[in-house]
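A.B. asks: If you're matching positions, the sequence shown starts at 14 in my numbering and goes up one per residue. Ideal Cβ positions, reconstructed from N, Cα and C, are used throughout, including at glycine.
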Amino acid sequence: MTIQRLLVAAGVWLLLCLSSGQAQALTHDQARAIAAGETDARIAALNAAAAEGAAGLPDFVQALLDDAVKLTPKQVLVVDGTQVRDAVSGQPATLPEDAEDVLNNNRMRGALQAAQAALQLFASDLATRRAAVAELAKQGLDASKLPLLDKALAGEADADVKARLAQLRAGLLLTSPDKAKRLEAARLLAAGSEPAIKSLLLERIAAEGDVEVKSALSQALSALESRLAWGERAGLIFTGLSLGSILLLVALGLAITYGLMGVINMAHGELMMVGAYATYVVQNLFKAYLPGAFDYYVLLAIPASFMAAALVGAVLERSVIRWLYGRPLETLLATWGISLVLMQAVRSMFGAQNVPVENPAWLSGGIQVLPNLVLPYNRLAIIVFAMLVLAGVALLIARTRLGLFVRGVTQNRRMASCMGVNTARIDTYAFSLGAGIAGLAGCALSQVGNVGPDLGQSYIVDSFMVVVLGGVGQLAGTVYAGLGLGILNKLLEGWQGAVLAKIMVLVFIVVFIQKRPQGLFAMKGRSAEA
């Protein structure tokens with residue numbers, strides 16, 4: 014008896030599957046209704062077939078979008094090059110002379126594109142379903158898609174896709190004439206976190222006539238804004254850290270040339286520019302000779318930018334700076350003139366316009382932490398890179414023989430010379446090191462902004478402010494000042510705008526230096542010259 018029941022149940026299940034498959038197959042009447050007639054009727058037939066999940070509909074929709082569908086009095090045909098087949102059965106057919114082209118106006122084409130995206134909601138691939146939800150949200154939906162969304166929502170297993178579908182459904186319910194459905198939509202949207210919902214709620218609040226629904230929509234808007242505020246705050250802090258890391262990279266080299274050596278180098282920004290253009294040259298070499306390894310050009314651009322800027326710095330120190338130690342005004346004027354020469358040399362070699370530097374694939378895109386917060390990979394890489402460069406400079410200055418000589422020469426040049434240190438060579442090494450770090454900053458900046466002859470002018474003043482605020486000769490102060498000024502600047506930008514933020518930061522630094530001239534971190538101990 015049990016076996017007989019199992020056989021009967023299996024038979025019923027098989028019949029249901031077969032009948033379900035037959036019910037979901039695209040019929041001739043459906044295909045003709047979608048391809049011919051008035052636009053409203055065609056769209057209604059399209060939505061009905063999509064809601065039923067008609068098999069073969071995605072291919073038919075694609076054929077309509079490709080303008081590959083033709084009509085005869087008895088058939089709906091798909092023409093693929095020289096091959097002709099029946100749109101319903103898929104069997105080969107002949108193209109009669111009286112076949113007519115199916116014409117799609119813009120409204121019909123938009124409905125076809127929306128249906129194509131909606132049908133992908135049932136794909137087995139999660140990425141395809143996520144892309145379909147994003148496409149539907151971008152295109153917009155009408156009430157005719159509600160049954161399709163309900164069906165996709167009932168069968169969706171992924172929590173993120175399900176939440177996005179629920180938000181799309183709620184957006185459709187907002188336009189319903191039924192007050193209960195609009196209240197339900199307000200309740201659903203109150204739990205959302207997408208930035209696009211905010212504009213939708215604002216639009217509906219302005220158009221809503223019912224007081225109760227309008228109040229529910231306002232409460233939903235308040236709840237949404239409260240959630241989005243956290244993403245905006247986190248975004249400001251991350252942007253500030255990113256800017257601070259860039260300032261740190263720029264100021265690290267200046268902390269050596271100005272902080273340790275006392276040289277006011279107004280050409281420091283142009284040394285950054287040299288590093289950025291070295292990155293551009295390496296990128297072009299990879300494009301021309303190693304296109305398959307283009308994603309790794311940055312690994313060669315980093316040492317190339319350091320060496321190019323360090324070489325220019327060594328020439329600059331040996332030819333000009335070495336004669337001007339202890340004469341800050343003359344050094345400032347001379348290096349300012351050199352900065353003009355370097356900018357003009359770059360204009361002559363590469364042109365006055367900005368040059369394009371592309372991100373490798375692994376630095377493109379970002380991590381979406383919150384719906385309104387994306388952390389770009391290139392900015393994350395710069396933060397990590399700045400920390401690595403900082404660690405390398407700290408180890409070099411504190412733990413190596415060259416660092417010992419640099420500290421000795423900057424603290425007491427005469428005593429170091431008496432101990433057998435070649436002070437002139439150490440000066441060249443130290444200045445080249447600071448210039449090379451500036452080149453590394455240029456390499457990093459090429460991944461987030463434009464590369465042009467005026468690149469360094471945007472950061473030279475800020476980098477001097479970082480060094481002075483942190484304390485002359487103090488690497489730790491440079492770190493705190495760079496990151497602190499970056500975050501402070503972005504917070505003030507969000508409050509008062511970019512121009513006023515710059516002014517407020519400058520006023521803050523002037524007042525701070527008036528109260529504490531030695532900066533955040535003062536040099537400890539007694540001067541060797543005392």
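Which whole-angstrom value describes the C-beta separation of A448 and G326, a residue pair presumed to lie in contact below a C-beta threshold of 8 Å?
C.D. replies: Within the sequence shown, the letter at position 435 stands for residue 448. Within the sequence shown, the letter at position 313 stands for residue 326. Sure, about 2 Å apart at Cβ, within 8 Å.
A.B. asks: Report the CB separation of I522 from G266 in whole angstroms; it is logged as a contact under 8 Å.
C.D. replies: By one-based count along the sequence shown, residue 522 stands at place 509. By one-based count along the sequence shown, residue 266 stands at place 253. Cβ-Cβ separation between I522 and G266: approximately 20 Å, too far for a contact (criterion under 8 Å).
A.B. asks: State the Cα-Cα distance for the pair A67 and S137, rounded to the nearest angstrom.
C.D. replies: Within the sequence shown, the letter at position 54 stands for residue 67. Within the sequence shown, the letter at position 124 stands for residue 137. Roughly 16 Å between the two C-alpha positions.
A.B. asks: My assumption, with CB atoms under 8 Å, is that L84 sits in contact with A106. Please give the rounded CB distance.
C.D. replies: On the sequence shown, position 71 is the one that residue 84 refers to. On the sequence shown, position 93 is the one that residue 106 refers to. Actually they are not in contact, since the Cβ atoms of L84 and A106 sit about 12 Å apart, beyond 8 Å.
A.B. asks: Counting pairs of beta carbons, one from the region 467-475 and one from the region 282-298, are three or more of them closer than 8 Å?
C.D. replies: yes
A.B. asks: Could you tell me the alpha carbon to alpha carbon distance between M320 and E330, rounded to whole angstroms?
C.D. replies: The sequence position of residue 320 within the sequence shown is 307, counting from 1. The sequence position of residue 330 within the sequence shown is 317, counting from 1. Distance between the alpha carbons of M320 and E330: 15 Å.
A.B. asks: Do A48 and L77 have their beta-carbon atoms positioned less than 8 Å apart in this structure?
C.D. replies: Taking the sequence shown and counting its residues from 1, the one referred to as residue 77 is at position 64. Taking the sequence shown and counting its residues from 1, the one referred to as residue 48 is at position 35. Result yes, Cβ atoms of L77 and A48 sit closer than 8 Å.
A.B. asks: Would DSSP call K83 helix, strand or coil?
C.D. replies: Working through the sequence shown from its first residue, we reach residue 83 at position 70. In the structure shown, K83 sits in a strand (DSSP, three-state: E or B).
A.B. asks: What ranges does the alpha helix (DSSP H) occupy inside the region 215-280, keeping only unbroken runs of at least 4 residues that lie completely in it?
C.D. replies: 224-267
A.B. asks: Can you find at least 3 beta carbon pairs, one from the region 472-482 and one from the region 216-234, that sit closer than 8 Å?
C.D. replies: no
A.B. asks: Compute the Euclidean distance between the alpha carbons of I473 and N391, then round it to the nearest angstrom.
C.D. replies: Your numbering for residue 473 matches position 460 in the sequence shown. Your numbering for residue 391 matches position 378 in the sequence shown. One C-alpha to the other measures close to 22 Å.
A.B. asks: Let me check understanding here. Comparing Cα to Cα, which of M286, G490, D79 lies closest to Q357?
C.D. replies: Within the sequence shown, residue 357 is the residue found at index 344, counting from 1. Answer by Cα proximity: M286.
A.B. asks: If you follow the alpha helix (DSSP H) that P341 is part of, which residue opens it and which one closes it?
C.D. replies: Within the sequence shown, the letter at position 328 stands for residue 341. Run containing P341: 341-363, per the alpha helix (DSSP H) assignment.
A.B. asks: Measuring alpha carbon to alpha carbon, tell me which residue in K151, L159, E169 is nearest L187.
C.D. replies: Walking along the sequence shown from the start, residue 187 turns up at place 174. Nearest C-alpha to L187: L159.
A.B. asks: Give the range of the beta strand (DSSP E) segment to which G379 is assigned.
C.D. replies: As a first step, residue 379 must be located in the sequence shown, where it is residue number 366. 379-383 is the span of the beta strand (DSSP E), which, as asked, contains G379.
A.B. asks: For the region 415-424 against the region 284-303, do three or more pairs of beta-carbon atoms, one drawn from each stretch, fall closer than 8 Å, so that the two count as touching?
C.D. replies: Contact fails: fewer than three Cβ-Cβ distances are below 8 Å.
A.B. asks: Could you check what DSSP says for V422 in three-state terms: helix, strand or coil?
C.D. replies: Locating residue 422 in the sequence shown gives position 409, where the first residue counts as 1. Helix, per DSSP.
A.B. asks: Need the endpoints of the alpha helix (DSSP H) that Q180 sits in, please.
C.D. replies: Translated into positions along the sequence shown, residue 180 becomes position 167. Unbroken alpha helix (DSSP H) run through Q180: 172-186.
A.B. asks: I'd like to confirm the pairing. Which residues does DSSP put opposite Q96 in its beta bridges?
C.D. replies: Your numbering for residue 96 matches position 83 in the sequence shown. In DSSP, Q96 forms a bridge with D93.
A.B. asks: Please classify M362 as buried or exposed, where buried requires at least 16 neighbouring CB atoms within 10 angstroms.
C.D. replies: Numbered from its first residue, the sequence shown carries residue 362 at position 349. Burial call: exposed.
A.B. asks: Take the Cβ of L498 as the centre, count every other Cβ of all protein chains shown within 10 Å, and call the residue buried at 16 or more, exposed below.
C.D. replies: Counting from one through the sequence shown, the residue named residue 498 turns up at place 485. Under the 10 Å beta carbon count, L498 is surrounded by 16 or more other beta carbons and is classified as buried.
A.B. asks: From the DSSP output, in three-state form, read off E113 for me.
C.D. replies: One-based indexing of the sequence shown puts residue 113 at position 100. It is a strand residue.
A.B. asks: Among A38, L249, A220, L70, which one has its Cα closest to the Cα of L386?
C.D. replies: If you number the sequence shown from 1, residue 386 lands on position 373. L386 has its Cα closest to that of L249, out of A38, L249, A220, L70.
A.B. asks: Throw me the rounded Cβ distance for the Q126 and A145 pair, which I believe falls under 8 Å.
C.D. replies: Stepping through the sequence shown from its first residue, residue 126 is reached at position 113. Stepping through the sequence shown from its first residue, residue 145 is reached at position 132. Q126 to A145, Cβ: 11 Å. No contact.
A.B. asks: Label D475 either buried or exposed according to how many other C-beta atoms from any shown protein chain fall within 10 Å of its C-beta, with 16 as the threshold for buried.
C.D. replies: Here the question's residue 475 lines up with position 462 in the sequence shown. Its Cβ being crowded by 16 or more others within 10 Å, D475 is buried.
A.B. asks: Return the CA-CA distance between G34 and A62, expressed in angstroms with no decimal places.
C.D. replies: On the sequence shown, residue 34 is found 21 positions in, with the first residue counted as 1. On the sequence shown, residue 62 is found 49 positions in, with the first residue counted as 1. Summary for G34: the model assigns pLDDT 40, below 50, so the residue's position carries little reliability; its value from the coordinates is reported in the next sentence. So the alpha carbons of these two residues sit roughly 14 Å apart.
A.B. asks: Can you tell me whether L161 is helix, strand or coil according to DSSP?
C.D. replies: Residue numbering aside, residue 161 sits at position 148 when the sequence shown is read from its first letter. Note: L161 maps to helix in three-state DSSP.
A.B. asks: If distances are taken between C-alpha atoms only, which option among V97, L415, L453 comes closest to N435?
C.D. replies: Position 422 of the sequence shown holds residue 435. When only C-alpha atoms are compared, the closest one is L415.
A.B. asks: Taking the C-alpha atoms as reference points, what is the distance between G350 and I334?
C.D. replies: The residue you call residue 350 lines up with position 337 of the sequence shown. The residue you call residue 334 lines up with position 321 of the sequence shown. Straight-line Cα distance between these residues: approximately 12 Å.
A.B. asks: According to the Cβ coordinates, are A179 and L166 closer than 8 Å?
C.D. replies: Position 166 of the sequence shown, counting from 1, holds the residue named residue 179. Position 153 of the sequence shown, counting from 1, holds the residue named residue 166. Going by C-beta atoms, A179 is nearer than 8 Å to L166.
A.B. asks: Tell me the DSSP secondary structure of L388 in three-state form.
C.D. replies: Along the sequence shown, one-based indexing puts residue 388 at 375. For L388, the three-state secondary structure derived from DSSP is strand.
A.B. asks: What does a CB cutoff of less than 6 Å around S258 pick up in its chain, not counting 5 residues either side in sequence?
C.D. replies: In the sequence shown, counting from the first residue as 1, residue 258 sits at position 245. Cβ within range, chain order: I395, I396, A399.
A.B. asks: Short check: CB of A150 to CB of L181, under 8 Å?
C.D. replies: Walking along the sequence shown from the start, residue 150 turns up at place 137. Walking along the sequence shown from the start, residue 181 turns up at place 168. Cβ atoms of A150 and L181: closer than 8 Å.
A.B. asks: Considering only the alpha carbon of each residue, which of R142, R195, R200, D191 lies closest to A172?
C.D. replies: Here the question's residue 172 lines up with position 159 in the sequence shown. Answer by Cα proximity: R142.
A.B. asks: Look at G462 and S318 and say whether their C-beta atoms are less than 8 Å apart.
C.D. replies: One-based indexing of the sequence shown puts residue 462 at position 449. One-based indexing of the sequence shown puts residue 318 at position 305. No; because the gap between Cβ atoms is not below 8 Å, this pair is not in contact.
A.B. asks: From this set, E506, N117, D53, which residue's C-alpha is nearest V74's C-alpha?
C.D. replies: For this step, residue 74 is matched to residue 61 along the sequence shown. That would be N117, whose Cα lies nearest to the Cα of V74.
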